[in-house]
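Colleague:
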Amino acid sequence: MTGPSAESRLAVFPNPDGSRVPYTVFSSEEIYAREQERIYRGPTWNFLGLEAEIPNPGDYKSTFVGDTPVVMTRTEDGTLAAWVNRCAHRGAMVCRKARGNALSHSCVYHQWSFGAAGNLQGVPFRRGQKGATGMPKDFDPARHNLHQLRVESYRGLVFATFSDTVGPLADYIGPEMRPFVDRIFAKPVVYLGCTRQYSDSNWKLYFENVKDPYHASLLHLFHTTFNIFRVGMKARCIPDATHGLHSIIYVSKSEEDVNSADYKAQKIRSYDEGFHLEDDSLLALEPEFDEITTNHIQPIFPQLVIQQIHNTLVARQLLPKGPDHFELVFHFFGYEDDTPELRALRIKQANLVGPAGYISMEDTEATELVQRGTVRDGDKTSVIEMARSAPDEQNTLITETLIRRFWVGYQNLMGFETPSVAAE
């Protein structure tokens, strides 16, 4: 009888409910390498970008699945494609530009050329010179295309997977999450541009962060002072029922100054009634949905976070760059039928998030503090117990349930041991 593998012992979670997380998962090179195979090249759908980024045949965008470089493109007939950005000849990256338009791509190293769909089109001196050397006679170009990924789009969000077995994208997103995606992507969108933010911390710390309503009104002065996100507001916190890796948190605006007395009584640092904006239009709120929602944040594991704050709409792309570094790309968008005034408001409110935003810099500062504080204590664990005995779906922001569900799903996907197995 074979015992547990060494890989499954890389991290042992003391509690099966995700309430104790070993800090080694944030710093281990071995765990990071395992994530690339079991998550990013495993049975997951990975967000690549918006269809609106590549509206025309030949449009392309360079991005990543995990740390594997890939290219998302629209082929000559208008279909979507994605391929690993690695030449079939000697492995060099084929596409070196961030985005553009081209129906063929050539590797700079030996000029092998490929079509937009990744099919090999040309090999210089394939027949040699004057009948000498060249490729073997049985060389078949069709067997040397770029590595194709499965690609599907849901509501204009483009995803890819290495897996041949994972189900359709709509099923992967799940019935609990789809209505909230549909809410934001109910109309055709226009791409407004992107910003990038880098953090010297593990990507999973950020995934915890976007599942953590408990921190939002304590860390973010802007959220709390301006009544965007406070405990006591009308809220929903919902995990997906299949694996717990996706979730939704949304908060609806109240006409009242919710819970300011409670923040004062507890001397919460993030509430400052003396803090004012010189330009109040930054927080203008143009009603667009059935409810006046001030914050909608929805991670779709492992690379997408959909967010609406007031009228700014963002698809955040989370890209790991090693066990202690990640990149966030904020893709801002609006709707095709936006008025010029609403479009201008969306762009102004983009200042709420991104690398110079009023909110996002605080999140990555917090994750970096955790990274630095835990790097030499991999055998210690975090304590994630807020609302531990409550149901999975909750109407409160004082909860860590979504984080626990995430860690249970992560542990299963990674094949890490349960305490009972580890003890044997």
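Residue numbers (the numbering used here): -11 to 412. Just so it is clear, CB atoms sit at the ideal spot from N, CA and C, and this is done for glycine as well. None of the values given here were measured: they were computed from a predicted structure.
1) Identify whether Ile14 lies in helix, strand or coil by the three-state DSSP scheme.
2) Once DSSP output is grouped into helix, strand and coil, what is the label at Asp47?
3) If you follow the beta strand (DSSP E) that His396 is in, where does it begin and where does it stop?
4) What does the alpha-carbon distance come out to for the pair Ser187 and Gly119?
5) Exposed or buried, what is Phe168 when buried is set at 16 or more other beta-carbons lying within 10 Å of its beta-carbon?
6) Could you have a look at Ile237 and say whether DSSP puts it in helix, strand or coil?
7) Can you tell me where the beta strand (DSSP E) holding Leu36 begins and where it ends?
8) Between the Cα of Met165 and those of Pro227, Gln382, Asn400 and Lys368, spot the shortest distance and give me the residue it belongs to.
9) With DSSP as the reference, label Thr183 as helix, strand or coil.
10) CA-CA distance, Arg413 and Thr121?
11) Does the separation of the CB atoms of Arg143 and Val317 fall below 7 Å?
12) When you compare the CB positions of Pro290 and Thr12, do they come within less than 7 Å of one another, or not?
13) So, Thr369 versus Pro10, is the Cβ gap smaller than 7 Å?
14) I need the straight-line Cα distance from Glu329 to Ser16, nearest angstrom please.
15) Please state whether DSSP places Val358 in a helix, a strand or coil.
16) Leaving out five residues on either side along the sequence, give the residues of the same chain with a beta carbon under 8 Å from the beta carbon of Asn89.
17) Could you tell me whether the Cβ atoms of Lys199 and Ile391 are closer together than 7 Å?
18) By the DSSP assignment, the beta strand (DSSP E) with Gln295 in it spans what residues?
19) With a Cβ-Cβ cutoff of 7 Å, do Gly232 and Phe394 count as a contact?
20) Between the alpha carbons of Asp326 and Leu137, how many angstroms are there, rounded?
21) Return the first residue and the last residue of the beta strand (DSSP E) that Ala70 is part of.
22) Between the Cα of Asp312 and the Cα atoms of Leu193, Pro287 and Arg87, which residue gives the shortest distance?
23) Quick one: grab the DSSP three-state call for Lys336.
24) So, under 8 Å CB-CB, Leu145 and Phe173 are touching, yes? Tell me the CB distance rounded to an integer number of Å.
25) At a cut of 8 Å, does the region 340 to 356 reach the region 48 to 62 through at least three beta carbon pairs?
26) Does the region 380 to 387 come close enough to the region 355 to 370 to have 3 or more Cβ pairs within less than 8 Å?
27) Report all residues from its chain with a CB closer than 7 Å to the CB of Asp5; omit the five preceding and five following residues, and keep chain order.
28) Reducing DSSP to helix, strand and coil, say where Thr384 ends up.
29) Can you name the residues that DSSP bridges to Met60?
Modeller: Taking the definition as stated:
1) By one-based count along the sequence shown, residue 14 stands at place 26. Inspection of the sequence shows that residue 14 is occupied by Phe rather than by Ile. In the structure shown, Phe14 sits in a helix (DSSP, three-state: H, G or I).
2) Sequence index remark: in the sequence shown, residue 47 carries index 59 (1-based). Of the three classes helix, strand and coil, the one that applies to Asp47 here is strand, per DSSP.
3) The count along the sequence shown starts at 1 and reaches residue 396 at position 408. With the sequence shown as reference, residue 396 is identified as Val, and His is not the correct amino acid for it. Note, Val396: premise wrong, no beta strand (DSSP E); alpha helix (DSSP H) at Thr389 to Met402.
4) Within the sequence shown, numbered from 1, the residue matching residue 187 stands at position 199. Within the sequence shown, numbered from 1, the residue matching residue 119 stands at position 131. The straight-line gap separating the alpha-carbon atoms of Ser187 and Gly119 is approximately 55 Å.
5) For the purposes of this step, residue 168 is identified with residue 180 of the sequence shown, where counting begins at 1. Residue environment analysis places Phe168 among the buried positions, since at least 16 neighbouring C-beta atoms fall within 10 angstroms of its C-beta.
6) The residue you call residue 237 lines up with position 249 of the sequence shown. Strand, per DSSP.
7) The residue you call residue 36 lines up with position 48 of the sequence shown. Per DSSP, Leu36 belongs to the beta strand (DSSP E) from Asn34 to Leu38.
8) Along the sequence shown, one-based indexing puts residue 165 at 177. By alpha-carbon distance to Met165, the top candidate from Pro227, Gln382, Asn400 and Lys368 is Pro227.
9) On the sequence shown, position 195 is the one that residue 183 refers to. Reduced to three states, the DSSP call for Thr183 is strand.
10) The chain is shown only over -11 to 412; residue 413 falls outside these bounds and no answer can be derived.
11) Stepping through the sequence shown from its first residue, residue 143 is reached at position 155. Stepping through the sequence shown from its first residue, residue 317 is reached at position 329. The Cβ atoms of Arg143 and Val317 lie no closer than 7 Å to each other.
12) The residue given as residue 290 occupies position 302 in the sequence shown. The residue given as residue 12 occupies position 24 in the sequence shown. No.
13) On the sequence shown, residue 369 is found 381 positions in, with the first residue counted as 1. On the sequence shown, residue 10 is found 22 positions in, with the first residue counted as 1. Result yes, Cβ atoms of Thr369 and Pro10 sit closer than 7 Å.
14) Sequence index remark: in the sequence shown, residue 329 carries index 341 (1-based). Sequence index remark: in the sequence shown, residue 16 carries index 28 (1-based). Across the structure, Glu329 and Ser16 are spaced so that their CA atoms are roughly 48 Å apart.
15) For the purposes of this step, residue 358 is taken as residue 370 along the sequence shown, with counting starting at 1. Looking at Val358 - three-state DSSP - the assignment turns out to be helix.
16) Here residue 89 is taken as the residue at index 101 of the sequence shown, counted from 1. Listed in chain order, the non-local C-beta contacts of Asn89 below 8 Å within the same chain comprise Asn44, Gly46, Asp47 and Tyr48, local neighbours out to five positions each way being set aside.
17) Sequence index remark: in the sequence shown, residue 199 carries index 211 (1-based). Sequence index remark: in the sequence shown, residue 391 carries index 403 (1-based). Ile391 sits close to Lys199, with the two beta carbons spaced by under 7 Å.
18) Numbered from 1 along the sequence shown, position 307 holds the residue referred to as residue 295. Start and end: Leu292 to Ile297.
19) Residue numbering aside, residue 232 sits at position 244 when the sequence shown is read from its first letter. Residue numbering aside, residue 394 sits at position 406 when the sequence shown is read from its first letter. Gly232 is a Cβ neighbour of Phe394, given a cutoff of 7 Å.
20) Position 338 of the sequence shown, counted from the first residue, corresponds to residue 326. Position 149 of the sequence shown, counted from the first residue, corresponds to residue 137. Spanning the two alpha carbons is a distance of roughly 34 Å.
21) Here residue 70 is taken as the residue at index 82 of the sequence shown, counted from 1. Annotation: the continuous beta strand (DSSP E) that includes Ala70 extends over Leu68 to Val72.
22) Numbered from 1 along the sequence shown, position 324 holds the residue referred to as residue 312. Asp312 has its Cα closest to that of Leu193, out of Leu193, Pro287 and Arg87.
23) Reading the sequence shown from its first residue, position 348 is the one you call residue 336. Helix at Lys336.
24) In the sequence shown, counting from the first residue as 1, residue 145 sits at position 157. In the sequence shown, counting from the first residue as 1, residue 173 sits at position 185. Indeed, because the Cβ distance is near 7 Å, the residues count as touching under 8 Å.
25) No, they do not touch.
26) No, they do not touch.
27) In the sequence shown, residue 5 corresponds to position 17, counting from 1. Here the set comprises Arg392 and Val396.
28) Along the sequence shown, read from residue 1 onward, the residue named residue 384 stands at position 396. The three-state secondary structure of Thr384, taken from DSSP, is coil.
29) In the sequence shown, the residue the question calls residue 60 occupies position 72. For Met60, which the question treats as bridged, DSSP gives the partners Lys49 and Ala70.
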